[in-house]
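The structure appears right after this line, and notes come after that.
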Amino acid sequence: MSKRVLVTGGAGFIGRNMIRAMLGDGYTITSLDNFKIGGWQHVPEDIRDHVEWVQGDTRNFDLLMQVTRHKEAVIHLAAPSSFLMYEEDPVGGASVTTHGFINLLEAMRRQDIGKLVYASTSAVYEGNDVPYREGMELNPPDLKALSKKWNEEVAKQYSERYGITAIGMRPFSVYGHDEFSKGGYANIISLFVWAVLNDVTPVVWGDGSQTRDFIYVEDAGRAFQTALERDLPTQEFNVGTGIETSFNEVLSLIGEELGKEVKKEFVEIPIAIYAQRLLANVERAEKVLGFHHEVDVREGIRRVIKAARGAQATQQWPAISNAQMYFETLPTG
């Protein structure tokens, strides 16, 4: 099992939670991150002094050659996490996702690093019928999904030509207790919890019947670590639960946990491309990877509520509690 690992995007939402578990399992970790979403202040104190943090961009090839030196494997998470980021900055989003990815693969080839686990996205499936299964024909509907699909194709080429084992992970709707750094880009569960705790009416796109396959961030991080540790050939895995939950159901669960009635404001969906349902087929993840989620949505919501209550005493809380209103700035075309 590889122990000297480079994690790109290690300060991000999935990264910092995954790194905490990996440190407990004896890994030596270098993290390359631009600290764009949230910044250094969101890196938990319990991991700050136990990781080599390098600030930089994956498009800097010379820097990648430095941070990959003497590493045994790489987990690649560095890329804009929300499709909204690509809507706002198409060139920048695609550049980081594609240029940074091929830079990394080339650095790994030159440094003779044989294992890569990287974040793709469940959005590559959109347009297919649910549940989404690995092996489906992919026709990405937006720039984020297209960029990630390109990554998957490049990863396969480097695997076939140079022997790098590249495991692509397709996360579904990842949420969790410490999404504060993401602000308006946070998962809808966090946005709803933050609003309700501040007596702000949750804003629901459409009629609330849309569903997501919500997976807790610690489960998602464990899936990446499991993929690193398994001796498997190049392939892709869904990172989900195989359970879909509607937005209306999420709000009902939040109300039950808080013991209060949750009112809703329904608005028209303000963007042109929007998935009504997201659901993972998890057979390959369970049978081949040996991964199964542990945290169900109700327990996950409890953890998000607990963390949010802890944040209510901080200076950042007013902005957090109104983060759901971010959608008002989106282009509507």
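According to UniProt numbering, the residues represented by the sequence shown are 1 to 333, in order.
Just so it is clear, CB atoms sit at the ideal spot from N, CA and C, and this is done for glycine as well.
The structure presented is a predicted model; accordingly, all values stated were derived computationally and were not measured.
Mind checking which residues open and close the beta strand (DSSP E) that includes residue i?
{"i": "L105", "result": "Segment G100 to Q111 is the alpha helix (DSSP H) holding L105; no beta strand (DSSP E) there."}
{"i": "Q55", "result": "E52 to Q55"}
{"i": "V297", "result": "Segment V297 to A311 is the alpha helix (DSSP H) holding V297; no beta strand (DSSP E) there."}
{"i": "I273", "result": "Element bounds for I273: n/a, residue is neither H nor E."}
{"i": "Y118", "result": "K115 to A119"}
Which of the three DSSP states is assigned to residue i in this structure?
{"i": "L77", "result": "coil"}
{"i": "L278", "result": "coil"}
{"i": "T68", "result": "coil"}
{"i": "G333", "result": "Interpretation of G333 is limited by its pLDDT of 45, a score under 50 that renders its predicted location unreliable; the figure taken from the coordinates is listed afterwards. G333: coil per DSSP, three-state reduction."}
{"i": "Q264", "result": "Looking at the sequence shown, residue 264 is not Gln but Lys. The answer is coil: DSSP assigns K264 none of H, G, I, E or B."}
{"i": "M169", "result": "strand"}
{"i": "N17", "result": "helix"}
{"i": "L214", "result": "Correcting the residue type first, residue 214 is Phe in the shown sequence and not Leu. Three-state result, F214: strand."}
{"i": "F237", "result": "strand"}
{"i": "K182", "result": "helix"}
{"i": "R4", "result": "strand"}
{"i": "D33", "result": "strand"}
{"i": "E229", "result": "helix"}
{"i": "Y27", "result": "coil"}
{"i": "V203", "result": "strand"}
{"i": "E286", "result": "helix"}
{"i": "V96", "result": "helix"}
Taking the alpha carbon of residue i as the reference point, which residue from the options has its own alpha carbon closest?
{"i": "E286", "options": "E256, Q324 and A223", "result": "A223"}
{"i": "G12", "options": "D89, L77 and E265", "result": "L77"}
{"i": "L253", "options": "P233, V297, Y216 and H99", "result": "V297"}
{"i": "D231", "options": "G93, V43, R170 and G290", "result": "G290"}
{"i": "A280", "options": "H177, I188, E126 and G255", "result": "E126"}
{"i": "Y274", "options": "F83, V262 and G259", "result": "F83"}
{"i": "Q324", "options": "T245, K260, F237 and I188", "result": "I188"}
{"i": "A220", "options": "L64, T58 and Y118", "result": "Y118"}
{"i": "V124", "options": "A307, L138, G240 and R133", "result": "L138"}
{"i": "M65", "options": "A311, W53, G92 and Q111", "result": "Q111"}
{"i": "K149", "options": "G184, M169 and Y185", "result": "M169"}
{"i": "I301", "options": "E153, V174 and D62", "result": "V174"}
Roughly how many angstroms separate the alpha carbons of residue i and residue j, rounded to a whole number?
{"i": "F172", "j": "K156", "result": "22 Å"}
{"i": "D129", "j": "S122", "result": "13 Å"}
{"i": "V204", "j": "W40", "result": "32 Å"}
{"i": "R161", "j": "R309", "result": "51 Å"}
{"i": "D25", "j": "E268", "result": "47 Å"}
{"i": "V7", "j": "G15", "result": "8 Å"}
{"i": "S81", "j": "H292", "result": "23 Å"}
{"i": "R4", "j": "S95", "result": "28 Å"}
{"i": "V282", "j": "D213", "result": "11 Å"}
{"i": "N60", "j": "G9", "result": "14 Å"}
{"i": "G135", "j": "A73", "result": "26 Å"}
{"i": "V200", "j": "G255", "result": "13 Å"}
{"i": "E294", "j": "D178", "result": "18 Å"}
{"i": "G206", "j": "A272", "result": "13 Å"}
{"i": "R107", "j": "K115", "result": "Checking the sequence, you will find Ala at residue 107 rather than Arg. When rounded, the distance between both Cα atoms is 12 Å."}
{"i": "L197", "j": "E299", "result": "17 Å"}
{"i": "P233", "j": "I167", "result": "8 Å"}
{"i": "A21", "j": "T226", "result": "11 Å"}
{"i": "S120", "j": "K260", "result": "38 Å"}
Go to residue i, then tell me how far its alpha helix (DSSP H) extends in each direction, as first and last residue.
{"i": "Q41", "result": "Looking at the DSSP string, Q41 is not in any alpha helix (DSSP H), and its letter there is neither H nor E."}
{"i": "Y158", "result": "L143 to Y162"}
{"i": "L251", "result": "F247 to L258"}
{"i": "D46", "result": "E45 to R48"}
{"i": "V196", "result": "I188 to L197"}
{"i": "Y86", "result": "F83 to E88"}
Could you give the C-beta distance for residue i and residue j, rounded to a whole number, given that I count them as a contact under 8 Å?
{"i": "F101", "j": "N151", "result": "5 Å"}
{"i": "N248", "j": "S190", "result": "With 8 Å as the limit, N248 and S190 do not qualify as a contact, their Cβ atoms being about 17 Å apart."}
{"i": "H42", "j": "S181", "result": "4 Å"}
{"i": "T68", "j": "I19", "result": "Going by Cβ atoms, the distance from T68 to I19 rounds to 17 Å, so no, they are not a contact pair."}
{"i": "T211", "j": "S246", "result": "5 Å"}
{"i": "P90", "j": "L143", "result": "5 Å"}
{"i": "R277", "j": "F237", "result": "Wrong, their Cβ atoms sit about 20 Å apart, outside the cutoff."}
{"i": "E218", "j": "G176", "result": "7 Å"}
{"i": "T30", "j": "V54", "result": "6 Å"}
Let me check you understand the geometry: is the CB of residue i closer than 6 Å to at least one non-hydrogen atom of the ligand GDP?
{"i": "P270", "result": "As far as ligands go, the structure on display features none, and thus does not contain the ligand GDP."}
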